[in-house]
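Residue numbers for the sequence shown, in mature numbering (1 follows the signal peptide of the UniProt record, and there is no 0): -19 to -1, 1 to 457. Where a beta carbon is used, it is the ideal one built from N, C-alpha and C, also for glycine. The structure under discussion appears below in the form of structure tokens.
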Amino acid sequence: MKKGLKWVFLLALIGFVAACDTQTVKEKKPEIIELEKKIEEGKIFDQIQPMLQTFNENNYYQYEGSLVVDNGTEQLTKDYQGQENYQEGKLNSYYIQTQVKEGNQSTQFDFYGQKDKGYIRSDGTNWQTSDGERLPDLLVSYLNLMVEGEDQLDLSQEGQVKKEITDKDQLRLLPSHFDWPIAVEEGSIDSVSFTMNYDPKSFQIKKFELQAQVDTGGSSYQLNQIVQIKKAQVDAIPLDVDLNSQLQESVIDSDSLLEAFKKANLSKVYYTYGINFYHQMDESLDEAMVYVNYLASDNLLLAYGEVKDKKVEDLRLYTKDLMDDRFGKDLTAFSQKNYYDYFVNYFIEHFDDFKKVDEKEDQSEEDRPSYYSYRYFVEDNLEDINQIGEGLDLSFLEKPSPAIYGLDLMIDKVSGKLVSVIFWSATGQEEQVQTLYGIHFSQFNAFNPNNLVIKGAKADQSVSEEAEVTSSDAVE
């Protein structure tokens, strides 16, 4: 049946049912309301069809975009330029350059994708294969917002399509489809305002805009995201990206390390990172992986899982009722403090208190470590180390007197980034240090925190269901 005839048929059916029904208009049967809704949706879809068709007719797009995240006191901005190629209506390749800025700090991330393969690099470093943990803002994500979900489109103004997104399922998944720097847990966002501008004559899409308010982490964030299409054409343009280009890396001279360290550790614009931490006592080792999302001074997300056989298991979202977990005190500390930012500033402020650890002279160049080690230590004064730890549970480091307590900071020789922080203790009878509290930082801005929200929520749900089954079995 042709589409036009289908709608005529539905209209006739409604007329027939209405004629047979003695109820008032306010008391329409549910099936009548549903039919009317489908008719209206069909009309609206017919109205946006020309824009979608025009979009599919072009195979190359060039655009500029920006995202502003503002909590009233601090503002993080993301500016980006992108190119996308399509083939037979499907995304074939893309190259997007993104710069994140807050205050006087900025960092750049580049994204490249070809068919089902993705790559990412930061601050001009070498390209790395991306496993999809962080994707750029693609044009198809905006189009999906328009056609998916239960909310109605507003086409009352020529050249513009509006939509107030309140559909819970769409709101839950929406943040993971965009490169947002803040975690949006379910219930922390009530609606998203979506606007698409187009040329009413050519039906060419000109601009997308998103606005949202996110209440999370004890703060309220205003998000305003705009992308403007600068060029659209039928013929695709090959994207000039050399994945094999290698950065000419050079080792930072230790005499100029402090200045390089200040430039490399951009704690304001590194809003997500991973923390691999462990407790080691002799042969015993407890290890976990924590993924955090900080913006300004707010902790927006903490997801964690135990590390076994070098794999992260049972990823869960942290909540305050996990204090009884064997990592509970550590998780509470990480949830309350941005330790990467803290140790970066501590090293800068107390640089003269640290002593560079000399490397072994008989080591070959290949065997030399890839990091500089800087050490601070005291005798018989665990309290001093505890104060530096600021909230970390270092009580297990305590040793019988006489003992030495220390703090080592490892800094990458090439990038200047803070890599690891290790608290340790030892006595004169020990041949080597075997009591350690280690923190290793990695994956700066390398993942979308909203992917972790979804993964963690699924894991927590499965744990909850398992607990219910166990409880039920116990009752029986």
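Which same chain residues, not among the five before or five after residue i, have their C-beta less than 8 angstroms away from its C-beta?
i             : result
glutamate 379 : Leu363, Ser406
serine 201    : Asn52, Gly53, Gln194, Val195
glutamine 141 : Thr176, Met177, Asn178, Tyr179
threonine 147 : Asp132, Asp171, Ser172
aspartate 263 : Gln415, Thr416
So, at 7 angstroms on beta carbons, what are the nonlocal neighbours of residue i in its own chain, with the 5 sequence-adjacent residues on each side left out?
i             : result
threonine 110 : Tyr100
glycine 387   : Arg356, Tyr357, Phe358, Trp405
glutamate 294 : Gly286, Glu287
glycine 70    : Asn37
Starting from the C-beta of residue i, find all residues in its chain whose C-beta is less than 6 angstroms away, skip the five residues before and the five after it, and write them out in chain order.
i              : result
serine 47      : Asp60, Ile207
leucine 76     : The sequence shown places tyrosine at residue 76, not leucine. Taken in chain order, the residues that qualify are Gln64, Tyr93, Leu220, Val222.
glutamine 78   : Gln62, Asp91
alanine 217    : Asn40, Tyr41, Asn66
proline 117    : Ile77, Phe92, Asp160
asparagine 205 : Val49, Gln192
In or out: residue i buried (at least 16 other Cβ within 10 Å) or exposed?
i              : result
valine 450     : Unreliable positioning characterises valine 450 in this predicted model, as indicated by a pLDDT of 32, which lies under 50. The coordinate reading is nonetheless provided below. With fewer than 16 other Cβ atoms within 10 Å, it is exposed.
proline 181    : exposed
aspartate 393  : buried
aspartate 160  : buried
residue 458    : For residue 458 there is no data in the structure shown, the boundaries of the chain being -19 and 457.
asparagine 429 : buried
asparagine 225 : exposed
lysine 144     : buried
asparagine 431 : buried
valine 326     : Looking at the sequence itself, residue 326 is asparagine, so the reference to valine does not match. Label assigned to asparagine 326: exposed.
asparagine 426 : buried
glutamate 105  : The residue asked about is misnamed: residue 105 is glycine in this sequence, not glutamate. That one is exposed.
cysteine 1     : The predicted position of cysteine 1 is uncertain, since its pLDDT is 37 and thus under 50; a value taken from the coordinates is nonetheless stated next. So cysteine 1 ends up on the exposed side.
Please classify residue i: does DSSP put it in a helix, a strand, or coil?
i              : result
alanine 241    : helix
arginine 115   : coil
threonine 106  : coil
glycine 419    : strand
isoleucine 385 : strand
glutamine 62   : strand
glutamate 83   : strand
glutamine 56   : strand
serine 401     : strand
glutamate 364  : helix
serine 200     : strand
isoleucine 29  : helix
asparagine 426 : coil
Please confirm whether residue i has its beta-carbon closer than 8 angstroms to some beta-carbon of chain E.
i           : result
tyrosine 44 : In the structure shown, chain E does not exist; there is a single protein chain.
Confirm the yes/no value for this check: CB of residue i, any heavy atom of the ligand HEM, distance under 7 angstroms.
i            : result
threonine 88 : The ligand content of the structure shown is nil, which means the ligand HEM is not present either.
| query | Are the region 94 to 104 and the region 127 to 137 touching, with three or more C-beta to C-beta distances below 8 angstroms? | reply | no
| How do the region 161 to 174 and the region 271 to 291 stand: do at least 3 beta-carbon pairs fall below 8 angstroms, yes or no? | yes
| task | Output the residue ranges of the beta strand (DSSP E) runs that lie fully inside the region 245 to 333 and measure 3 residues or longer, sorted by chain position. | result | 253 to 262, 265 to 276, 279 to 289, 292 to 298
| At least 3 beta-carbon pairs within less than 8 angstroms: the region 305 to 324 vs the region 265 to 281 | yes
| message | Quick check on the DSSP output: what are the complete beta strand (DSSP E) runs of length 3 or more inside the region 133 to 191, in order along the chain? | response | 141 to 146, 173 to 179
| query | Within the chosen definition, does the region 237 to 245 reach the region 79 to 88 through at least 3 CB pairs nearer than 8 angstroms? | reply | no
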